[in-house]
Each structure stands twice: as structure tokens, then as C-alpha cells.
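Which chain is which? The protein sequence lines are S and W, in order.
If you read the first sequence in my numbering, its first letter stands for residue 5, the second for the next number, and so on.
If you read the second sequence in my numbering, its first letter stands for residue 5, the second for the next number, and so on.
Okay, so here's the structure we're looking at.
Protein chains: 2
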Amino acid sequence: MKKISAAISLFALLSAMPAIAQEADKPESPSPNAIVDAAPASEWVTISPSDLLVMDLAPDAKGEARRVVIQLMPEPFSQGWIRNIRKLAAAKFWDGTSINRVQDNYVVQWGDAGYDNPESGETEQKALPEGLETVPESAYITPMTDDMVTNGIATHIIDQASNDDYFPSNGTDPYINETSVMAGWPFGFAEEGVSPVHCYGAVGVGRNYSPDTGSGTELYTVIGHAPRHLDRNIAVVGRVIEGIEHLSSLPRGKGQLGFYAGASKRVPITSIRLGDALGDGSVPAFEYLDTNSDVFAQYADARANRRDPFFIKPAGGADICNIPVPVRRTKVE
Amino acid sequence: MKKISAAISLFALLSAMPAIAQEADKPESPSPNAIVDAAPASEWVTISPSDLLVMDLAPDAKGEARRVVIQLMPEPFSQGWIRNIRKLAAAKFWDGTSINRVQDNYVVQWGDAGYDNPESGETEQKALPEGLETVPESAYITPMTDDMVTNGIATHIIDQASNDDYFPSNGTDPYINETSVMAGWPFGFAEEGVSPVHCYGAVGVGRNYSPDTGSGTELYTVIGHAPRHLDRNIAVVGRVIEGIEHLSSLPRGKGQLGFYAGASKRVPITSIRLGDALGDGSVPAFEYLDTNSDVFAQYADARANRRDPFFIKPAGGADICNIPVPVRRTKVE
Numbered sequence: 005m006k007k008i009s010a011a012i013s014l015f016a017l018l019s020a021m022p023a024i025a026q027e028a029d030k031p032e033s034p035s036p037n038a039i040v041d042a043a044p045a046s047e048w049v050t051i052s053p054s055d056l057l058v059m060d061l062a063p064d065a066k067g068e069a070r071r072v073v074i075q076l077m078p079e080p081f082s083q084g085w086i087r088n089i090r091k092l093a094a095a096k097f098w099d100g101t102s103i104n105r106v107q108d109n110y111v112v113q114w115g116d117a118g119y120d121n122p123e124s125g126e127t128e129q130k131a132l133p134e135g136l137e138t139v140p141e142s143a144y145i146t147p148m149t150d151d152m153v154t155n156g157i158a159t160h161i162i163d164q165a166s167n168d169d170y171f172p173s174n175g176t177d178p179y180i181n182e183t184s185v186m187a188g189w190p191f192g193f194a195e196e197g198v199s200p201v202h203c204y205g206a207v208g209v210g211r212n213y214s215p216d217t218g219s220g221t222e223l224y225t226v227i228g229h230a231p232r233h234l235d236r237n238i239a240v241v242g243r244v245i246e247g248i249e250h251l252s253s254l255p256r257g258k259g260q261l262g263f264y265a266g267a268s269k270r271v272p273i274t275s276i277r278l279g280d281a282l283g284d285g286s287v288p289a290f291e292y293l294d295t296n297s298d299v300f301a302q303y304a305d306a307r308a309n310r311r312d313p314f315f316i317k318p319a320g321g322a323d324i325c326n327i328p329v330p331v332r333r334t335k336v337e
Numbered sequence: 005m006k007k008i009s010a011a012i013s014l015f016a017l018l019s020a021m022p023a024i025a026q027e028a029d030k031p032e033s034p035s036p037n038a039i040v041d042a043a044p045a046s047e048w049v050t051i052s053p054s055d056l057l058v059m060d061l062a063p064d065a066k067g068e069a070r071r072v073v074i075q076l077m078p079e080p081f082s083q084g085w086i087r088n089i090r091k092l093a094a095a096k097f098w099d100g101t102s103i104n105r106v107q108d109n110y111v112v113q114w115g116d117a118g119y120d121n122p123e124s125g126e127t128e129q130k131a132l133p134e135g136l137e138t139v140p141e142s143a144y145i146t147p148m149t150d151d152m153v154t155n156g157i158a159t160h161i162i163d164q165a166s167n168d169d170y171f172p173s174n175g176t177d178p179y180i181n182e183t184s185v186m187a188g189w190p191f192g193f194a195e196e197g198v199s200p201v202h203c204y205g206a207v208g209v210g211r212n213y214s215p216d217t218g219s220g221t222e223l224y225t226v227i228g229h230a231p232r233h234l235d236r237n238i239a240v241v242g243r244v245i246e247g248i249e250h251l252s253s254l255p256r257g258k259g260q261l262g263f264y265a266g267a268s269k270r271v272p273i274t275s276i277r278l279g280d281a282l283g284d285g286s287v288p289a290f291e292y293l294d295t296n297s298d299v300f301a302q303y304a305d306a307r308a309n310r311r312d313p314f315f316i317k318p319a320g321g322a323d324i325c326n327i328p329v330p331v332r333r334t335k336v337e
């Protein structure tokens, strides 16, 4: 049965799937995904639909729907921009705008590209809702507060200081003093404070030159190797948790910086809404693995020290963006 | 002129283009790309066409050609697999095979998916050329030799030990003792030897479980965040230097591990040839920036410490995969 052996060979390649762990001759060394799949329901944290931003693109060439789900960052991080984004979604600002830029190994960017009015010869842009905030650059970094600690948001940082396996990249990150995950998100830590990290799928706020920080009307997501040089230079407001393939597999733009050359190349955005205000009445249900849980500790350790059968030399470490926080559709138990 | 200001705003976003550096109010702080573009022709190293692997996919839906150019690693790295790949290309082994797997934020993989013979009911696979080597796992790592040093291949490592800015990730890489670039390629360094790094665009050799190391018939390229946990576990044989968008923008596979579900989804490979044996008689001419040059040192420093106008907080470091070696079509001076 050549086909079957070939199939196994293909599945074995680069494998990190539970299916492989089950095939393993070393069942005591599960893959990171097998560890996550075995986590009890109690270890998963529900994501409020009101903290989701749901982007529907025009159907693809085959008429198939394209929905991208973004999780917004929790308080107290980037909240000025996130308040703007909530206002923009409520005002249906992005409806009828488009994806305007797809730069390979970098970002996909969307927003209002403007409308060339043939009568006036002017380019008109959509009116903004009232009351958008101008957020200061200082908000790129959030001071560590006692409140964070007492609320447990920083428990992780404290706990894992004594456990090198837990976050092997601590002290070995070239971009900042320390990196870790808390409250379900990757962060960088320095004396000046806490800053979100630009990992694959991170969603940020486009801006002009400093001191502009962007209003939130122009958003982008990372579709390549983590551009960590953007950390503390641009606001990170969330991450794509479902449907990123609808962005990452788009044709690359042939203009400068990967902008689409001409309006006809742009991908229309049908609507962007908060998860609790979808036009179709549906309510997206997602959850993330509690990053303070022992299961997450085991998962992070397994990502940094691959012991599942495919691997012969565990690295002994991993960078913060190679330990993605597991997020899934809520399982109905 | 709202459009123009909007355009500048868009171009400013995440900018690393020389065009932006020219707009800069701090001309003494050029972007990394501006530094590269200003490098004299003498600082570029020609890549021999015989060290290129040229993959032509079937034309896309719009009938446009899709060519991907891969640079093979230099001696003494991964040469057993590379000798096999040269034999496979000469035997036209990949002609009529296909891209079989596209896993988001991970890899695109191609090779012989097999042919289901309706008469025999068996799945038949293409015959292999004579004389393919079985490469040992020890070849994932290459010992540092005096020869490397005397030939200057390791000059970089020696030179930059005294310059933290040069390779800021040295000593701060979570995966291995040290990382650096030599002879135009990123490597990891440990007591046991030198190992190629899985950065975006790296091309590796699919394999089955250890002790299999793969023959070279199944190849993949990285289309996401650097999967450094694969370093020293799979052979890296090259990198895509042109046309990676023809792979990274392919529809993601919906089968396990991103394999295409069904033969109809696979992307046909018309041919794969060495660069000095193209059917159309053309000879691809590429060059890379001499990684022992002062210009490369300035570029690496600028990648790690972004001082061009868009940035407000230089990171002070970068990981090895965020300092890609500049490669370009040879400019006719």
C-alpha cells in the first residue's frame, strides 16, 4: 500500500498534530497541540463577543464568504485606540472600504483609500464619527501597576521567573529586556513598562510620522516573520484569531510597499462589526487557553523543547512569537 | 490635496523603503534599504546560475507565468542533499509533480504526490534517478574547520565578536548559543558546529521519522514566522530569492497539516531546473550583498536600530531572521 506509507511520510513531515502524537512510539512525549487538545474545559477562558471585531470581505472568486475574526486587547492595553475602533465599528465606518496593501512577509493593511470625485477632481474620504481620541505616544507602553499584580494579570511574570523552561525566551530576546505571556497575550517587559508584541497575526494601527499615533481608521495585520522593530513604535490593538488565511493568501500588491496598484485590485470590505453587533445576529464564541494554567506551562515547555517523535534535537528555547497562545471556537461539551 | 497627504500617510506607514528615506527630515539616518541601495557594485557577490534552482508553476488563473528562484546553499553545507537535488533536476524528476501542501504561517511543500492507477488500483510514484545519496543526520550540523577560517568563510564570526551592534542577536538567541551571518547566509553556532537557520523563505528537505533524513524529492519553503525549532532537525538546502509570492499567496490547504484535500487542488509544477539549464535558454543573474562588507554591517546595525524617520524607539537588537541578506537581480551598470 504505497499510498498509505507515502501518506504517513507526508503527515510525519514537520508534524505538530495530535494525530501524529497518537501514531507516536513515544506516547509519553506528546506534541504541543496534543497537550492543548487534552486540556480540560476548565482551563479555557471565554472571550467576550464584545471584545471581537468581525471583518467580512466580499466573497472570493468562487463566491465563498471570507470572514476574519480579530480579538481586541484587554484593559489596560491600547485602550485609547480600541475605544476609537469601537466607535468606528458602531458607525459602520469601514463598510465599503477596502484592503489596500498586501506586502509579502510583512503586513496586510485596510482602511479608507478615498474616492476620486470626477466632478470636483478631489479625493474625498469618509467622514469620521464624533469623539475619536488622539492617543499620545506614551500609550505604546503601559506601566506595570500594583493593580495588575493584585488582579493577577501579572501573576505569570512573577511565577515564571523561577522557571527557565516556562518561558525560555526570557533574557534571550534581542528586542527588549524580557518577554512573556500574561492574560493570554505576548508582551515585552522593560523598566519603562509593558508593551504588546508584533507576532504573526498581530493587528496594529497605521499612523503617519511621529507625533501622529493613528486614529484606528487604518489597521494592519502581520502576515510574516514577527516585525518586532515595530514594538513600542506603533499601537498593537489585537490579533487575528480566525480567518487570517483570507488575508495572508491575498495577491501581493505590486505598488510601492505592497500597495495595490489601482482601485480595481483592492479587496472590498463588506462590513466590520463588534462581535456582539453582527448584522446576521450570530454571536461568535471563542476561548483561549488560560496562560496562567499548568497546561499552558506544559505547552510552552513543549514548544521550546520538542520531544514529539518527529524531532531529534529539542532547541531548548523558543522566541515569544513561536509560542502562540492557543485560541479556538468554544467547544460545546 | 487630501489624496496626496493621505498617500504620504500610507507610504509612511511601516516604511522601510528608500523612497521614504528620501522624504526624510533626517537624511543622516537612512533606512536599511537606503543603505543597501547606496552600496557600490563592488560590494555585491555574483550568484552562479549553477547554484540556482528555478521552479516554474503552471500559469495562474489569469494566465500569468509563475517562476520561483531558489538559491542553493554553498559548500560545505547540506551538500549531500544538494547533490541529490542537482540529480533530480537534471532528471526532470519534478516536472509534472505539484505543490501539495500550503499551511498558513508555516510551509509550502512540493513533490511527487503519486498517481492513482485505475487499472492496478495502486498508487504509483515516479522512478528516482540512479545514485541518490542517503545523507546521515550528522550532516544537519557542519563542524567549524580551519579551512572555513582560512578561506574567510568565518571571518564574519571572528570580526563581529567585538561588535555587539553588528549582530545584536548574538548571545540573545533562544534557540542556540549564537547566531550570525557568514558567506551570505544565516547560521546558528554551537560547540557541535554550524547549522543553517529556518528563516522566512528557507528551503528544506521533507523527511519521515528519524533516522530518515529525506532524499530531496520532497521540498518545502517557510512562509511564516521562522520555525526555528526545525533547525538541526531537518536539512536546509537553500532559500527563495525571487517569486516567493507565487507560493506564499497560494490558497491554504484544508486537509490535515495544510495538505490540499484532493488532487484537483494541487498546483502543477511545469518544471524545475538548475539555473544554467533552463529550457528557455535564459540565464538568471542574481547577486547578494557581501556579508563581510562594511555596508552589510551598516545595514545590519540599521535593521537592529531603526533610526529612519518613521521610528521613535530603536529596538537595540534584532533576531537573525529579521536581518535578511539583501539579494537582487544583477544590475547592469
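Every residue gets a Cβ at the ideal spot worked out from N, C-alpha and C, and that includes glycine.
Exercise for review: Kindly list, in the order they appear in chain S, the residues whose Cβ is closer than 8 Å to that of R311 (chain W).
Suggested key: In the second sequence, residue 311 (chain W) corresponds to position 307, counting from 1. In chain order: nothing, as chain S lies at least about 11 Å away.
Check your understanding: In angstroms, rounded to a whole number, what distance separates the CA positions of S275 (chain S) and A194 (chain S)?
Key -> Residue mapping note: residue 275 (chain S) aligns to position 271 of the first sequence, counting from 1. Residue mapping note: residue 194 (chain S) aligns to position 190 of the first sequence, counting from 1. Near 38 Å, if we compare the C-alpha coordinates of A194 (chain S) and S275 (chain S).
**Study point:** Cut-off 8 Å between Cβ atoms - residues of its own chain near V40 (chain S), not counting five sequence neighbours on either side
**Key:** Residue 40 (chain S) sits at position 36 when you count from the first residue of the first sequence. Once the five neighbours on either side are set aside, the close Cβ partners of V40 (chain S) are L293, V299, Y303 and P330.
Practice item. Determine whether the Cβ of P318 (chain S) lies closer than 9 Å to any Cβ atom of chain W. Key: Numbered from its first residue, the first sequence carries residue 318 (chain S) at position 314. P318 (chain S) counts as touching chain W.
Review point. With 16 as the cutoff for other CB atoms within 10 Å, does V287 (chain W) come out buried or exposed?
Key: The count along the second sequence starts at 1 and reaches residue 287 (chain W) at position 283. Label assigned to V287 (chain W): exposed.
Exercise for review: Compare the C-alpha of I74 (chain S) against each of S:K335, S:L278, S:A319 and S:I227 and name the closest.
Suggested key: Start at 1 with the first residue of the first sequence, and residue 74 (chain S) comes out as number 70. Taking only the C-alpha atoms, the option nearest I74 (chain S) is S:L278.
Check your understanding: Quick one: does I273 (chain W) have its CB under 9 Å from some CB of chain S?
Key -> Counting from 1 along the second sequence, the entry for residue 273 (chain W) is found at position 269. Closer than 9 Å: no.
Review point. Under 9 Å Cβ-Cβ, which residues of chain W neighbour D235 (chain S)?
Key: Here residue 235 (chain S) is taken as the residue at index 231 of the first sequence, counted from 1. Ordered by position in chain W, the residues that pass the 9 Å Cβ test against D235 (chain S) are K317 and A319.
Review point. Using 8 Å as the Cβ pair cut-off and three pairs as the minimum, do the region 52 to 63 of chain S and the region 309 to 325 of chain S touch?
Key: Judged by Cβ distances under 8 Å, the region 52 to 63 of chain S makes no contact with the region 309 to 325 of chain S, as fewer than three pairs qualify.
Check your understanding: Should F142 (chain S) and V240 (chain S) be called a contact, given that it needs their Cβ atoms to be closer than 9 Å?
Key -> The residue you call residue 142 (chain S) lines up with position 138 of the first sequence. The residue you call residue 240 (chain S) lines up with position 236 of the first sequence. Correcting the residue identity first, residue 142 (chain S) is Ser in this sequence and not Phe. It is not a contact, given that the beta carbons lie outside the stated cut-off.
Check your understanding: Is the beta carbon of V207 (chain S) less than 9 Å from the beta carbon of V244 (chain S)?
Key -> As a position in the first sequence, residue 207 (chain S) is number 203, starting the count at 1. As a position in the first sequence, residue 244 (chain S) is number 240, starting the count at 1. A distance below 9 Å separates the beta carbons of V207 (chain S) and V244 (chain S).
Check your understanding: Given 8 Å as the limit, is there contact between the region 133 to 141 of chain W and the region 88 to 100 of chain W, that is, 3 or more CB pairs closer than that?
Key -> yes
Review point. Within 10 angstroms of its Cβ, does V271 (chain S) collect 16 or more other Cβ (buried), or is it exposed?
Key: Working through the first sequence from its first residue, we reach residue 271 (chain S) at position 267. Its Cβ being crowded by 16 or more others within 10 Å, V271 (chain S) is buried.
Exercise for review: Output yes or no for whether 9 Å exceeds the beta carbon distance between W98 (chain S) and R105 (chain S).
Suggested key: The count along the first sequence starts at 1 and reaches residue 98 (chain S) at position 94. The count along the first sequence starts at 1 and reaches residue 105 (chain S) at position 101. The answer is no: Cβ separation not under 9 Å.
Practice item. Leaving out five residues on either side along the sequence, give the residues of the same chain with a beta carbon under 6 Å from the beta carbon of C325 (chain S). Key: Translated into the one-based positions of the first sequence, residue 325 (chain S) becomes position 321. Answer for C325 (chain S): C203 and A230, listed in chain order.
Review point. Any idea if A45 (chain S) is buried or exposed, counting beta-carbon neighbours within 10 angstroms, 16 or more meaning buried?
Key: Locating residue 45 (chain S) in the first sequence gives position 41, counting from the first residue. That one is exposed.
Review point. With K258 (chain S) and A267 (chain S) assumed to form a contact (beta carbons below 8 Å), what rounded beta-carbon distance in angstroms separates them?
Key: On the first sequence, residue 258 (chain S) is found 254 positions in, with the first residue counted as 1. On the first sequence, residue 267 (chain S) is found 263 positions in, with the first residue counted as 1. Not quite, the Cβ-Cβ distance comes to about 14 Å (not below 8 Å), so this is no contact.
Exercise for review: Kindly list the residues whose CB is nearer than 6 Å to the CB of T183 (chain W), restricted to its own chain and excluding five residues on each side of it in sequence; keep chain order.
Suggested key: For this step, residue 183 (chain W) is matched to residue 179 along the second sequence. Excluding residues within five positions, the ones whose Cβ falls inside 6 Å are S173, D177, G192 and I324.
Point to revise | According to DSSP, residues forming a beta bridge with I74 (chain S) | key: Sequence index remark: in the first sequence, residue 74 (chain S) carries index 70 (1-based). S:L57 and S:V244.
Practice item. Determine which residues share a DSSP beta bridge with M186 (chain W) and list them. Key: To locate residue 186 (chain W), count along the second sequence from 1; it is residue 182. Partner(s): W:W189.
Check your understanding: Do you know whose CA, among S:G205, S:D108, S:D150 and S:T217, lies nearest Q260 (chain S)'s CA?
Key -> Numbered from 1 along the first sequence, position 256 holds the residue referred to as residue 260 (chain S). Comparing Cα-Cα distances from Q260 (chain S) to each of S:G205, S:D108, S:D150 and S:T217, the minimum goes to S:D108.
Check your understanding: From what residue to what residue does the alpha helix (DSSP H) around I324 (chain W) run?
Key -> Stepping through the second sequence from its first residue, residue 324 (chain W) is reached at position 320. Element bounds for I324 (chain W): n/a, residue is neither H nor E.
Point to revise | For Q113 (chain W), three-class secondary structure by DSSP | key: In the second sequence, the residue the question calls residue 113 (chain W) occupies position 109. In the three-state reduction of the DSSP assignment, Q113 (chain W) falls in the strand class.
Review point. Where does V153 (chain W) land, buried or exposed, given buried means 16+ other C-beta within 10 angstroms?
Key: Translated into the one-based positions of the second sequence, residue 153 (chain W) becomes position 149. With fewer than 16 other Cβ atoms within 10 Å, it is exposed.
Point to revise | Proximity to M59 (chain W) [Cα-Cα], best of W:H233, W:I238 and W:L223 | key: Counted from its first residue, the second sequence places residue 59 (chain W) at position 55. The residue with the shortest Cα to Cα distance from M59 (chain W) is W:L223.
Review point. Between S253 (chain S) and S102 (chain W), is the Cβ-Cβ spacing less than 9 Å?
Key: The residue you call residue 253 (chain S) lines up with position 249 of the first sequence. The residue you call residue 102 (chain W) lines up with position 98 of the second sequence. No, they are not a contact pair.
Check your understanding: Using a beta-carbon distance below 9 Å, is I51 (chain S) in contact with chain W?
Key -> Locating residue 51 (chain S) in the first sequence gives position 47, where the first residue counts as 1. Taking Cβ atoms only, chain W never reaches closer than 9 Å to I51 (chain S), which makes this a no.
Point to revise | Which of helix, strand or coil DSSP assigns to G67 (chain S) | key: Counting from one through the first sequence, the residue named residue 67 (chain S) turns up at place 63. Three-state result, G67 (chain S): coil.
Point to revise | Cutoff 6 Å; reference N237 (chain S); Cβ partners in own chain excluding five residues on either side | key: Against the first sequence, residue 237 (chain S) aligns to sequence position 233. The beta carbon of N237 (chain S) sits closer than 6 Å to no other beta carbon from its chain once the five residues preceding and following it are set aside.
Check your understanding: Should I157 (chain S) and G205 (chain S) be called a contact, given that it needs their Cβ atoms to be closer than 9 Å?
Key -> Translated into positions along the first sequence, residue 157 (chain S) becomes position 153. Translated into positions along the first sequence, residue 205 (chain S) becomes position 201. No, they are not a contact pair.
Review point. Between which two residues does the beta strand (DSSP E) containing S199 (chain S) stretch?
Key: Here residue 199 (chain S) refers to the residue found at position 195 when the first sequence is read from its first residue. Here the beta strand (DSSP E) through S199 (chain S) covers G197 to P200.
Exercise for review: Can you pull the chain W residues whose beta carbon is under 7 Å from the beta carbon of S253 (chain S), in chain order?
Suggested key: To locate residue 253 (chain S), count along the first sequence from 1; it is residue 249. The answer, in chain order, is S253, L254, P255 and R256.
Check your understanding: Less than 9 Å separating the beta-carbons of V185 (chain S) and T334 (chain S)?
Key -> Numbered from 1 along the first sequence, position 181 holds the residue referred to as residue 185 (chain S). Numbered from 1 along the first sequence, position 330 holds the residue referred to as residue 334 (chain S). For V185 (chain S) and T334 (chain S), no; Cβs fall outside 9 Å.
Review point. Is the beta carbon of L61 (chain S) sitting closer than 9 Å to the one on I227 (chain S)?
Key: Against the first sequence, residue 61 (chain S) aligns to sequence position 57. Against the first sequence, residue 227 (chain S) aligns to sequence position 223. No, these two residues do not count as a Cβ contact at 9 Å.
Exercise for review: Please check the pair P63 (chain S) and R70 (chain S), which I expect to be a contact at CB under 8 Å, by giving their CB distance rounded to whole angstroms.
Suggested key: Start at 1 with the first residue of the first sequence, and residue 63 (chain S) comes out as number 59. Start at 1 with the first residue of the first sequence, and residue 70 (chain S) comes out as number 66. Contact holds; Cβ gap of about 7 Å.
Review point. Quick one, are the C-beta atoms of V49 (chain S) and G188 (chain S) less than 9 Å apart?
Key: Locating residue 49 (chain S) in the first sequence gives position 45, where the first residue counts as 1. Locating residue 188 (chain S) in the first sequence gives position 184, where the first residue counts as 1. The answer is yes: Cβ separation under 9 Å.
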